[in-house]
Amino acid sequence: MRTVAFREALNEALSEEMEKDDRIFLMGEEVGHYNGAYKVSKGLMDKFGERRVVDTPIAETGFVGVGIGAAMVGLRPVIELMTWNFSLVAADQLINNAAKIRQMSGGQFTLPVVFRGPGGSAHMLAAQHSQSTEAIWAHIPGLKVVMPANPKDAKGLLKSAIRDDNPIVFIEGEVLYADQGEIPDGEYTIPLGVAEVKRPGKDVTIIGWSKMVKVALAAAEALAAEGIEAEVVDPRTIRPLDEDLIAESVSKTGRCLILEEGWPFNGVGAEIAYRVGKRCFDDLDAPVERLTGADMPMPYNHHLEQQCIPDAPRAVAAVKKLLYLE
Amino acid sequence: MRTVAFREALNEALSEEMEKDDRIFLMGEEVGHYNGAYKVSKGLMDKFGERRVVDTPIAETGFVGVGIGAAMVGLRPVIELMTWNFSLVAADQLINNAAKIRQMSGGQFTLPVVFRGPGGSAHMLAAQHSQSTEAIWAHIPGLKVVMPANPKDAKGLLKSAIRDDNPIVFIEGEVLYADQGEIPDGEYTIPLGVAEVKRPGKDVTIIGWSKMVKVALAAAEALAAEGIEAEVVDPRTIRPLDEDLIAESVSKTGRCLILEEGWPFNGVGAEIAYRVGKRCFDDLDAPVERLTGADMPMPYNHHLEQQCIPDAPRAVAAVKKLLYLE
Amino acid sequence: MDVGQLKTYYHQMLAIRRLEEALAKAYALRKFGGFLHLYIGQEAVAVGALAALKPEDYVIATYREHAHAYAKGMSARQIMAELYGKETGCSKGLGGSMHLFDAAKNFLGGYGIVGGHAPIAAGTAFASKYRRDGRVTLCFFGDGSVAQGAFHEAVTLATLWRLPIVFICENNLYSMGTPLYRSMSVADVSQKALAYGMARDRFDGHDVLRVRDRVAEAVRRARNESMPTLIEIITYRFRGHSMSDAGLYRTKEEVEESKKRDPLTTGRDLLVKAKVDEKEIVEIEEKVRLEIEDAVQFAEDSPELPFEKLAEFTYKE
Amino acid sequence: MDVGQLKTYYHQMLAIRRLEEALAKAYALRKFGGFLHLYIGQEAVAVGALAALKPEDYVIATYREHAHAYAKGMSARQIMAELYGKETGCSKGLGGSMHLFDAAKNFLGGYGIVGGHAPIAAGTAFASKYRRDGRVTLCFFGDGSVAQGAFHEAVTLATLWRLPIVFICENNLYSMGTPLYRSMSVADVSQKALAYGMARDRFDGHDVLRVRDRVAEAVRRARNESMPTLIEIITYRFRGHSMSDAGLYRTKEEVEESKKRDPLTTGRDLLVKAKVDEKEIVEIEEKVRLEIEDAVQFAEDSPELPFEKLAEFTYKE
Ligand SMILES: Cc1ncc(C[n+]2csc(CCOP(=O)(O)OP(=O)(O)O)c2C)c(N)n1
Ligand SMILES: Cc1ncc(C[n+]2csc(CCOP(=O)(O)OP(=O)(O)O)c2C)c(N)n1
Ligand SMILES: [Mg+2]
Ligand SMILES: [Mg+2]
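Chains as they are written, first to last, in my numbering: chain H, 11 to 336; chain P, 11 to 336; chain Y, 27 to 343; chain C, 27 to 343.
Below is the structure:
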């Protein structure tokens, strides 16, 4: 085991996979000479050169489409979006092309392409730079959506994503980049579509992904002090969703809280809540609860911003409500 | 009462409102000289001229943005998207600008703008031309989403949408345009955010909007023949959602089926199911059921396409499952 | 002047014409639905342009792509069956008229979102440069597509990175019911190239040979110098935008006038001028007739993909 | 030569400089977070360009918009308080550095999505033409923004409809860490105008008078002929792209060299040349010092918007 930062784990995944396969290239704004706006691609241009680490103009529709076209003819592009907030100008490419070409062509073309970059809010970035877009991408059949919560998952999942033959939306929590964590020394991958119990418990299931896993674990810690054992489940992949492990946990605990940084209406948590409500109908002792980002554009002011993002104290309160302790 | 077609009802709403208020203009591809790709704007250019009925090039990001800018400085634009499939190239304008400017400006700018056009699948239009986008737009705080099911609602809701001071996504079922229906003779409007019971019943609640209301009513008809009384509830406005009327109905019937033409994952039905599950937890005799569009891009072949869209027979089967009759 | 080639071009143009006439008939008979955008009148553009390519070169087009698909070597059977929605169609009946694809022939598809395929074309050209495989990408689009941001971004990248690609704007003077002067501030589409310092060309497209030779120059530039070109080819569609378009925005005279420059007539005249005797020409026409008849029969007789098989096309396992 | 105007320009440029220096200091002291994109070095562009406008004209800009906001008449207090996230800020502390707005001054905002505000600018210009209100819209953006499809679509509409608008590209030679030659196939941004048959201009922007006079020509063209113009103004930012940018992609020499053409020096020299005596100039500088000090104090002392009030800003009742 070694301890590395989240961004380094991603960097290792990129570097290791690129070494193995010349069809893989990294493309995006400032990924090369600048070494990445968030330094995820640090050193890669030195190592692989301008041919395989390609800086682009600010043309997301253009280079997201380039990733799609290059994948159609056999390359395996990794396209970095400086942040997922900027993916919206390329939404048509992701939804109408990336997700549909395989089916529209009767299976003739497969698209092994990864679209990756930071997502979610950071610190006072305001409405246009603080978005969680996973609910939109996970709605689209043809796309897979991956959201690691720690360095180990980040590296293992990114390697699997790069080896996968489908277009993948890989969202890295912007505030997780500096997080340190242990990762195995040797080569390893983590399969897509497999959730993980981040902390076992029997009284209530708390579901969260990306940075919400930290909120869930902090809440579980606080609850443990009061004798409440919360089980924290991290789907890791939003789509395909590991419904079985989630249902298993909720059937056991009988109670479920879903944490989501994004907006509530048609959020990922709504889908999970619906499935849990159906699969665990007879086991639920209380309705599924959701704690989500506030249903409004993100405000700039720090205190307002913090109140718009789920945190441990409110997660604890939500759990107690679930347990009718309040 | 008069009988008019869905498209005529929309045309009347546009014409009546434009007569009253010079700040209103209609802009979009082929809306003027061509009288509309789907003839909703038929005759409006003759009536109001090129100043107020504006044909555009194929530049959705451009003219959706024009609608936003014009609304910021006091006009009341109605922007037609030839179909909502093409709104995806303008997703950034709708999400990052239309929905957020009011809040980002501290309430200084309000955006009275309506984005309207046909949505959903029609007949063998294949993957890129058969999409239901309401789940995406309803996810965004700052936008309102309206989806009328018949001529009367179409006219009354469009007039309210035009008079509303917020950016509105108004989606017209492409296959509804020719539907005939009765509408009041005089001036009338239908408030946004108010659902309607399209058919009363006591055994099960079937929720559907836009063309799914027709499927729900057909299913209810078939079920009635077997002595099952289904209540059909049409939210009419997806956001804001009339949760009270929905909860009231489900609390009464104890069973709920949600019909949705769009994709299941993070669909509008997921949100409704979550809210119903929470509001009616103790009244539900069975888990909320959803019948949605198939979780895949829309295939071109007619038979495959039809099997991907919810229909009455499958709605009936779903209801019987809910009633444990199967 | 290679007579064999002239025959091939005439055969291709005629087959495309007859194929689309058969499609129009089948559509009228409700053999299938959806949108049907006919290319009738523009045949010399697709046939001439693709005559300048090698089989390994890539071609990508819009929803008005039946001709490009056929000219790239796809069979009338595959295309007809696809529009009939049959499993034997090039896209297994899942794509239809707007989404013909053929990986084996390097036909990268027809697309329904105006301008949305241009960035993909930049991507295949990027791949060719990345792999140094010497291939050229031809990207076809209409005059109306130039207003789309996707076109601008694709050209921005293609010119910046000097990609081996040729952007071909088929200017048929209208985007649906909108004449060019109502969709663009300039009358010369090729002028767009000036913004990017890109090579450009502009010419009338009813003569298949002129199209071939002028496009060949751009293809050479792409293949040998890895430099992109924007070509505007003036042409005209004899039919409406799609089957549902009454075409009231054009006068009968204008349409009739344009038919005087039917690429098929021009193509046939080339054979006559090349001393190919009438009998041989009629033979070609008879061959085409049988080819299309056979394609219709094939489509009629083919099975549809069973619903159970559909799911596996969304994701690759 | 109106000395009063020269004083105003110098005052504005200096106030913007000091305001941003105060912002940088407050940022370092963690008074607020987020992105902070300083305009230092480019002051003559915003001040000169806006000097060519009437109060009723519209201005819209990017996230690097503190200067444009101030030059449009917004107070240092409003701006400072906004970056402090206070309720007394122009956007009530909800927008922050990248989203300054002032309806009363017709400042239509700073925007964070590159190119995303260009279509909005076309919209306000459209509204002016629709209402025949004689207003002109000025749209500012950077050299990197020109690659965005939104820019192309906005210009396509503005030129087609002859809207009263001036597109001003502030070419500071870099988009974040990317030099122009790596984001564009041509070195002359104004060349983009050729694609649309649009009037264009291109000049160095360190002299506030030149900027004012050249922009004034375009504003006249917009106001009197309702014709758009694309202006490229060459400038330079002395600081990094944002506070988090180390700026390693530029040599120290390059940056130092550029500082020799500091718009403030040029602006002060204009006063000296105009025989304004040193005492008066120092008075201006003292006024500015107090103005910014007061703004900081005002921001420090201002309250924040309570969370309970936040919801009402999402929708208008
Ligand atoms: C982004 C987008 N907007 C609108 C449409 C609807 N539409 C389909 S074809 C067309 C006209 C295209 O004209 P042109 O590019 O000249 O090609 P042509 O049909 O003349 O071959 C329009 C508006 C679309 N498919 N995609
Ligand atoms: C669509 C989009 N992509 C990427 C970004 C990230 N980004 C913010 S500013 C910037 C550079 C812009 O450079 P330029 O347009 O030259 O303006 P300058 O910062 O030099 O004033 C980038 C890439 C963004 N905000 N929006
Ligand atoms: Mg055309
Ligand atoms: Mg710049």
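Ideal Cβ placement from N, Cα and C applies to all residues, glycine included.
Predicted model, so just to flag it, every value in this text is computed and none were measured.
#1: Determine the extent of the beta strand (DSSP E) in which Tyr-84 (chain Y) is found, giving its start and end residues.
#2: Please list the terminal residues of the continuous beta strand (DSSP E) segment that includes Cys-165 (chain C).
#3: Here's a check: name, in chain order, each residue in its chain whose Cβ is nearer than 8 Å to the Cβ of Glu-336 (chain H), leaving out the five neighbours to either side.
#4: What is the rounded straight-line gap between the Cα of Leu-167 (chain P) and the Cα of Ala-234 (chain P)?
#5: Comparing the CB of Tyr-200 (chain Y) with every heavy atom of ligand 3, is any distance shorter than 7 Å?
#6: Among the candidates H:Leu-153, H:Gly-59 and H:Ala-47, whose CA atom is the shortest distance from the CA of Ser-25 (chain H)?
#7: Taking Ile-191 (chain Y) and Thr-163 (chain Y) to be in contact with their CB atoms under 8 Å, please state how far apart those CB atoms are, rounded to whole angstroms.
#8: Secondary structure at Leu-54 (chain H), three-state DSSP: helix, strand or coil?
#9: Whole angstroms are fine: how far does the CA of Glu-182 (chain P) sit from the CA of Leu-32 (chain Y)?
#10: Run the CB neighbour count on Ala-151 (chain Y), radius 10 Å, all protein chains shown included, and call it buried at 16 or more, exposed below.
#11: Assuming Ile-34 (chain H) contacts Ile-256 (chain H) under a Cβ cut-off of 8 Å, what Cβ separation, rounded to an integer in Å, is found between them?
#12: Shorter than 8 Å from the beta carbon of Gln-113 (chain P) to some beta carbon of chain C?
#13: For chain Y, check one thing: does any of its Cβ atoms lie closer than 8 Å to the Cβ of Tyr-222 (chain C)?
#14: Which word fits Met-92 (chain P), buried or exposed, when buried means at least 16 other C-beta atoms lie within 10 angstroms of its C-beta?
#15: Determine the chain P residues that contact Ser-117 (chain C) at a beta-carbon separation under 8 Å, and present them in chain order.
#16: Counting only runs that start and end within the segment 63–123 of chain H, where is the beta strand (DSSP E) found for 3 or more residues in a row?
#17: Hey, would you say Asn-198 (chain C) sits closer than 8 Å to Thr-255 (chain C), going by beta carbons?
#18: Applying a beta-carbon distance threshold of less than 9 Å, which residues of chain P neighbour Leu-227 (chain H)?
#19: State the start and end residues of the unbroken beta strand (DSSP E) segment that holds Gln-190 (chain P).
#20: Can you say whether Met-11 (chain P) is buried or exposed, counting buried as having 16 or more other CB atoms within 10 angstroms of its CB?
#21: With H, G and I counted as helix, E and B as strand and the rest as coil, what does DSSP make of Val-140 (chain C)?
#22: How many whole angstroms separate the CB atoms of Val-29 (chain Y) and Val-302 (chain Y), which I take to be in contact at a CB cut-off of 8 Å?
#23: Beta-carbon within less than 6 Å of His-63 (chain C)'s beta-carbon, same chain only, minus the 5 sequence neighbours each way: which residues are those?
#24: Who are the Cβ neighbours of Met-27 (chain C) in its own chain at under 7 Å, not counting the five residues just before and after it?
#25: Report the three-state DSSP secondary structure of Glu-251 (chain C) (helix, strand or coil).
#26: Applying the 10 Å Cβ sphere with the 16-neighbour rule, what's the burial state of Asp-254 (chain P)?
#27: Which residue's Cα is closest to the Cα of Leu-350 (chain Y): H:Gln-113, H:Met-306 and H:Val-76?
#28: Are three or more beta carbon pairs between the segment 140–147 of chain Y and the segment 214–234 of chain Y nearer than 8 Å?
#29: In the DSSP assignment, find the beta strand (DSSP E) that holds Met-37 (chain H) and state where it starts and stops.
#30: Which one or two residues does DSSP pair with Asp-227 (chain Y) in a beta bridge?
#31: Which residues, taken in chain order from the segment 41–69 of chain P, show a beta carbon closer than 9 Å to some beta carbon of chain C?
#32: Quick one: Cα of Glu-197 (chain P) to Cα of Met-222 (chain P), how far?
#33: Is the segment 207–223 of chain H close to the segment 265–284 of chain H, with three or more CB pairs under 8 Å?
#34: Within the same chain, show all residues whose beta-carbon is closer than 8 Å to that of Leu-8 (chain H), passing over the 5 residues directly before and after it, in chain order.
#35: So who's on the other strand from Tyr-341 (chain Y), going by DSSP bridges?
#36: By Cβ distance, which residues of its chain are closer than 6 Å to Thr-13 (chain P), with the 5 residues on each side in sequence left out?
Concretely, from the data shown:
#1: 84–88
#2: 163–168
#3: Ala-327 and Lys-330
#4: 30 Å
#5: yes
#6: H:Gly-59
#7: 4 Å
#8: helix
#9: 50 Å
#10: buried
#11: Contact flag wrong, Cβ pair sits at about 32 Å.
#12: yes
#13: yes
#14: buried
#15: Met-114, Ser-115, Gly-116 and Gln-118
#16: 63–65 and 86–90
#17: no
#18: Neighbours of Leu-227 (chain H) on chain P: none; closest Cβ ~24 Å, over 9 Å.
#19: 190–193
#20: exposed
#21: coil
#22: 6 Å
#23: Tyr-89, Arg-90 and Ser-268
#24: Ala-300
#25: helix
#26: exposed
#27: Any answer about residue 350 (chain Y) is impossible in this case: the structure gives chain Y only from 27 up to 343.
#28: no
#29: 34–38
#30: Y:Ile-257
#31: Arg-61, Arg-62, Val-64, Thr-66, Pro-67 and Ala-69
#32: 27 Å
#33: yes
#34: Since the first residue of chain H shown is 11 and the last is 336, residue 8 (chain H) is not available in this structure.
#35: Paired residue(s): none; Tyr-341 (chain Y) is not in a bridge.
#36: Gln-190 and Glu-192
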